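Per our numbering, the sequence shown runs over residues 1401 to 1808.
Where a beta carbon is used, it is the ideal one built from N, C-alpha and C, also for glycine.
A quick note: this is a predicted structure, and the numbers were derived from the prediction, not measured.
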Amino acid sequence: MNIVNKTLTFGLIVGTRGFFNPKLADEGRKQLLAKLDSLGYSHVILPEDATAYGAVETLADARKCAELFKKNRDDIDGVIVVLPNFGDELGVVETLNSAKLDVPVLVQACSDRLDAVDVQGRRDAFCGKLSVCNNLYQYGIPFTDTSEHTCDIDSDIFAGDIERFGRVCRVVKGLRNARIGAIGARPGAFQTVRFSEKLLQDSGITVVTVDLSEIIGNAQKLDEKAQAVQQKLSEIEDYGNIPDRIDRANIVKQARLSVAIDDWIQENEIDASAIQCWTSVQNNYGCATCLSMSMMGERYMPSACEVDVAGAVSMYALLLASREIPGFLDWNNNYGEEKNKCVCTHCSNYPKSFMGRDVEISELDILGESLGRENCFGAVKGHVAAGPMTYFRISTDDRRGKIKAYLG
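This is the structure in structure tokens:
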């Protein structure tokens, strides 16, 4: 199943410490399970009778929990640690260190009430959380903090933290196993889209290459009457408004190209792609790639222009984080005299749902002037939908051997 639509599964650790009221751990466990059920997440947790209240305190408890996590390694996308009372730092860290899941970890601590700090009611979870996190750092186990130091498990604040953590888990799992298609060669004059394939691979991101001529050759071999081509023609006609002036032969040409790209994407299990979108495909085949890219993006398979592989990775990360369809834009123009505004635009590959109204499918305007409009059908034209925007971009820094990013 595609990670974008997958129901996430969390491994759960309920911490407790002997000289605190264990019923707090029991209550916290039940609240946590109810919360995750209400939010639509799956979970893996020790049975209630496996340890005292199904919580983790001792080394023996940690071993049991770690073994359970190991058996479910392929299913667990992240681990949530809750501390209904102080908890035992060794129980938590030994579980994670033994299981070696290498997934994101969220650490929560329950809030004390000022009127319930007696022997039976006090939690001291804030202090316990500091201890747990200190140990996680010592063991080199990355963790995510909640938005507030302490919070109730049955609270909107913690629900929001879980949702945000789910996005973290989705991005981590998706990128660590991502397969990015590089279709064709980058434009010779665009050195800004250079990237380090080896640095991406070191993070689990595999780049799969194909020569553009193979895609064009496969497209040319397709019969117009083939079922896949006819189905694609129908999808194109439903996707946007095509002006009457467009020759049907150009629409068929576009459908063949889309099918050839789709076939290669499927055969190679590609999650996102970057395509040589000009000028070879226009000169040697006779259409644009924008429509194919737009339609793939609409199906949760983002595609970047100009073989911008780092751009494709960035789009895929945004898709994983938001589960909303991203677009690929240039940071293009100043906006008059308004210093805190700019114009973002790009040529014609926005997915349909990235735009706020019906789209037109016609020719590339700028390239059409130099390459011939008859060679440039497949441009998707419209305006970006109004609303808040998150912008994000990664790049590989070969001088430092790092992947860098900015987010706003």
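- Burial check for R1429: the Cβ neighbour count within 10 Å reaches 16 or more, so the residue is buried.
- In this structure, K1802 is the residue among A1712, G1736, I1661 and K1802 with its C-alpha nearest to the C-alpha of D1602.
- Taking the CA atoms as reference points, G1491 sits about 5 Å from E1457.
- Membership of W1678 in any alpha helix (DSSP H) is not indicated, and neither H nor E is assigned to it by DSSP.
- Here the segment 1570–1588 lies against the segment 1670–1684, with 3 or more beta-carbon pairs under 8 Å apart.
- As DSSP reads the structure, T1609 sits in a beta bridge with A1582.
- Between L1599 and R1523, the C-beta gap is not smaller than 8 Å, which leaves the two residues out of contact.
- Comparing alpha-carbon positions, the option among E1427, D1477 and P1447 lying closest to L1468 turns out to be P1447.
- Counting only runs of 3+ residues, the beta strand (DSSP E) found wholly inside the segment 1602–1675 occupies 1606–1610 and 1672–1675, in chain order.
- Contact between the segment 1636–1643 and the segment 1540–1557 is absent, with fewer than three C-beta pairs closer than 8 Å.
- Counting only runs of 4+ residues, the alpha helix (DSSP H) found wholly inside the segment 1439–1482 occupies 1459–1471, in chain order.
- Per DSSP, N1734 is not a residue of any alpha helix (DSSP H); the beta strand (DSSP E) it occupies stretches across D1730 to Y1735.
- Looking at the backbone, the Cα of I1445 and that of F1558 are separated by about 19 Å.
- Contact annotation: E1698 and P1751 have beta-carbon atoms nearer than 8 Å.
- In the DSSP assignment, R1567 falls within the alpha helix (DSSP H) that extends over D1556 to R1576.
- Classified as exposed, F1419 has fewer than 16 neighbouring CB atoms from the shown chains inside 10 Å of its CB.
- Between A1721 and V1571 the beta-carbon gap is near 5 Å, inside 8 Å, which marks them as a contact.
- DSSP lists no bridge partner for R1723.
- Taking a 10 Å sphere around the C-beta of F1777, we find 16 or more other C-beta atoms and assign the residue as buried.
- Along the segment 1476–1526, the alpha helix (DSSP H) occurs as fully enclosed runs of 4 or more residues at 1489–1499, listed in sequence order.
- Between the alpha carbons of D1518 and I1480 lies a gap of roughly 27 Å.
- DSSP, read as helix, strand or coil, puts Y1537 in helix.
- Shown here for N1535: same chain residues with a beta carbon closer than 8 Å to its own, the five before and five after excluded, namely E1489, L1490, V1492 and V1493 in chain order.
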